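Take a look at the structure below.
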Amino acid sequence: MLFVCAKSWYAVHIQGMEDALQGRLGSSFSALLLRLADAAVVFGALWLVVALYDDTTWSPLYLIAALIACLLFLAVAERTGTYVRSPATGPIPPILNAWAITVAALAALAWMTKTTGAYSRVAVGLWCMATPLALVGWRFAAGRLMDMQQRRAGIFGNDPHDSQLGELASAKPLQGQEIVGFYAADATTEPAASHGHANGTPSPIPVRGGIDQLVEDTRSNALDVVYITLPMSEEATIEALLDRLADTTVSVYLLPDMLIRSLLYSRWVQIGPVPAVNIFESPHIGLAGALKRAEDLLLGAAILLVATLPMLLIGAAIKAFSPGPILFRQRRYGIDGREFLVWKFRTMTVAQDGDHIPQAQPEDARITPIGAFLRHTSLDELPQLFNVLRGEMSLVGPRPHAVAHNEEYRRLIPGYMRRHKVKPGMTGWAQINGWRGPTDTLDKMAGRLQYDLWYLRRWSIWLDLEILLKTPWVVWVKPSAKAL
98 MLFVCAKSWY AVHIQGMEDA LQGRLGSSFS ALLLRLADAA VVFGALWLVV ALYDDTTWSP
158 LYLIAALIAC LLFLAVAERT GTYVRSPATG PIPPILNAWA ITVAALAALA WMTKTTGAYS
218 RVAVGLWCMA TPLALVGWRF AAGRLMDMQQ RRAGIFGNDP HDSQLGELAS AKPLQGQEIV
278 GFYAADATTE PAASHGHANG TPSPIPVRGG IDQLVEDTRS NALDVVYITL PMSEEATIEA
338 LLDRLADTTV SVYLLPDMLI RSLLYSRWVQ IGPVPAVNIF ESPHIGLAGA LKRAEDLLLG
398 AAILLVATLP MLLIGAAIKA FSPGPILFRQ RRYGIDGREF LVWKFRTMTV AQDGDHIPQA
458 QPEDARITPI GAFLRHTSLD ELPQLFNVLR GEMSLVGPRP HAVAHNEEYR RLIPGYMRRH
518 KVKPGMTGWA QINGWRGPTD TLDKMAGRLQ YDLWYLRRWS IWLDLEILLK TPWVVWVKPS
578 AKAL
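Under the working numbering, residues 98 to 581 are what the sequence shown spells out, in order.
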């Protein structure tokens, strides 16, 4: 019964979470353009003000100020939620907040470097006022442009009352499109009066009819786009619909089910003369594996060299203020599910390892005073640099979990063990995205898993470097939770 409930929970929650994750991360090129556009506005506004103001000229000092302002604004905007939405619906308050913080930081920097007199107060003042107007203005213009290009879309599927249709209607790929209605694959489904109900659940999209109504609406140009949400098991229905829509000019999209999604994240490989689809495989094979190992050895040795003195001081403090060993070793699963002993500074009065390990919680009585500090700053993880150099771990990868926790969650979350296709890491994609801390519920572990799997699908050396650079900010500047 537990497994049935877990699988049902997975179908409802985890698949939706993966869809949301891919929706947020799938448009990385558009997100990059948005940030570059903001930087161009900040830079261009200062250049234009200086060019138009007679009493000042463009100089290296203004160039430096513009570049610093761009970097500061992008960093602050990232943290204040400015880029959570598209440029057409971007929230104005975060833009203004981000710019206000940027101006305050620039003023403090100019005061500390004693360069305030090198800039025209009038030009800088005009720039400070014009930039937020320009940032908001270009978003408004982008929104108007998207409205002018808005297309009418229809959704063809089985259940007009599926709660996921509401998410589909508001998803980022559909920005600039109006959902006209739902068309039921089941011919017996009656059109709803605007918003019908099924078992008390309101339909997020009005039901217009069946396949005949859909074809009629496409031929009369009432629809520009059709989204088919049927599972691939209904191949005959999909083919019949495509045959009829081929006689129209409507654009057609097939939204993949979980099987097709898995194939989309896969790649073709050649095994001798035979082509094959790589569905579950480590990204660190062949040359990629050699590059990953070289990254771990070079950067790991460099970090260890810098961390040697702090590690000695931490070890002395643990020995002085708490009875017991300095280091704590625990069995964890590594690559391909092979067990290894992870090294950490001891932060508790006990060293537990076995079939049942209670996860550490806030105000846990087992945590020593110095251990609380080490866990909050993740300095207790530093001995894992030796695990990295030994080849048992990597600097970047899914965080290793205790064997007892692995055995528990592999039964409850389908695909959980796929995270062990790479070496576990000291930090990872999940950790820099807020999934750092106790995983005491199924939701938390499932959320971490989706980010771990995304890392496996998108791995590159550059992604590793991005994660390593962001980790100090997440752990020390903006900690979200205590580390496991």
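C-beta atoms are modelled at their ideal positions from N, C-alpha and C, and glycine is treated no differently.
Keep in mind the model is a prediction, meaning the values are calculated, not measured.
Simplified DSSP assignment, three categories, for residue i
| i | result |
| --- | --- |
| residue 490 | coil |
| residue 192 | helix |
| residue 351 | strand |
| residue 247 | coil |
| residue 372 | strand |
| residue 440 | strand |
| residue 275 | strand |
| residue 218 | helix |
| residue 380 | coil |
| residue 476 | helix |
| residue 428 | strand |
| residue 305 | strand |
| residue 323 | strand |
| residue 564 | helix |
| residue 524 | strand |
| residue 180 | coil |
| residue 141 | helix |
| residue 252 | strand |
| residue 150 | coil |
| residue 335 | helix |
| residue 281 | strand |
| residue 510 | coil |
| residue 529 | helix |
| residue 499 | strand |
| residue 165 | helix |
| residue 423 | coil |
| residue 292 | Note that residue 292 scores a pLDDT of 42, beneath 50, so its modelled location is shaky and nothing firm can be said. |
Whole-angstrom distance between residue j and residue i, CA atom to CA atom
| i | j | result |
| --- | --- | --- |
| residue 341 | residue 162 | 60 Å |
| residue 316 | residue 344 | 8 Å |
| residue 191 | residue 222 | 21 Å |
| residue 402 | residue 492 | 15 Å |
| residue 174 | residue 323 | 36 Å |
| residue 314 | residue 382 | 51 Å |
| residue 503 | residue 515 | 12 Å |
| residue 170 | residue 154 | 24 Å |
| residue 137 | residue 386 | 38 Å |
| residue 321 | residue 278 | 12 Å |
| residue 329 | residue 471 | 51 Å |
| residue 59 | residue 319 | The structure shown has nothing for residue 59, since the chain only spans 98 to 581. |
| residue 424 | residue 528 | 23 Å |
| residue 442 | residue 487 | 18 Å |
| residue 484 | residue 384 | 22 Å |
| residue 215 | residue 143 | 15 Å |
| residue 560 | residue 389 | 11 Å |
| residue 106 | residue 544 | A caution first: residue 106 carries a pLDDT of 38, below 50, which makes its placement in the model unreliable, though a value can still be read off. Roughly 13 Å between the two C-alpha positions. |
| residue 199 | residue 166 | 7 Å |
| residue 208 | residue 224 | 18 Å |
| residue 327 | residue 338 | 11 Å |
| residue 133 | residue 180 | 12 Å |
| residue 572 | residue 562 | 16 Å |
Buried or exposed by the 16-neighbour rule on C-beta atoms within 10 Å, applied to residue i
| i | result |
| --- | --- |
| residue 555 | exposed |
| residue 526 | buried |
| residue 552 | buried |
| residue 251 | buried |
| residue 475 | buried |
| residue 95 | A question about residue 95 goes unanswered here, because the residues of the chain that appear run from 98 up to 581. |
| residue 237 | exposed |
| residue 219 | exposed |
| residue 399 | exposed |
| residue 201 | exposed |
| residue 506 | buried |
| residue 430 | buried |
| residue 196 | buried |
| residue 434 | exposed |
| residue 336 | exposed |
| residue 247 | exposed |
| residue 377 | exposed |
| residue 282 | buried |
| residue 275 | exposed |
Tell me whether the segment 558-569 and the segment 500-520 touch, counting them as touching only if at least three CB pairs, one residue from each stretch, are closer than 8 Å.
no
Kindly confirm or deny that the segment 516-524 and the segment 490-506 touch, where touching means at least three C-beta pairs closer than 8 Å.
yes
Could you check whether the segment 410-417 touches the segment 385-401, counting it as contact only if at least three pairs of C-beta atoms, one from each stretch, sit closer than 8 Å?
no
With a threshold of 8 Å, are at least 3 pairs of Cβ atoms found where one atom belongs to the segment 417-427 and the other to the segment 464-471?
yes
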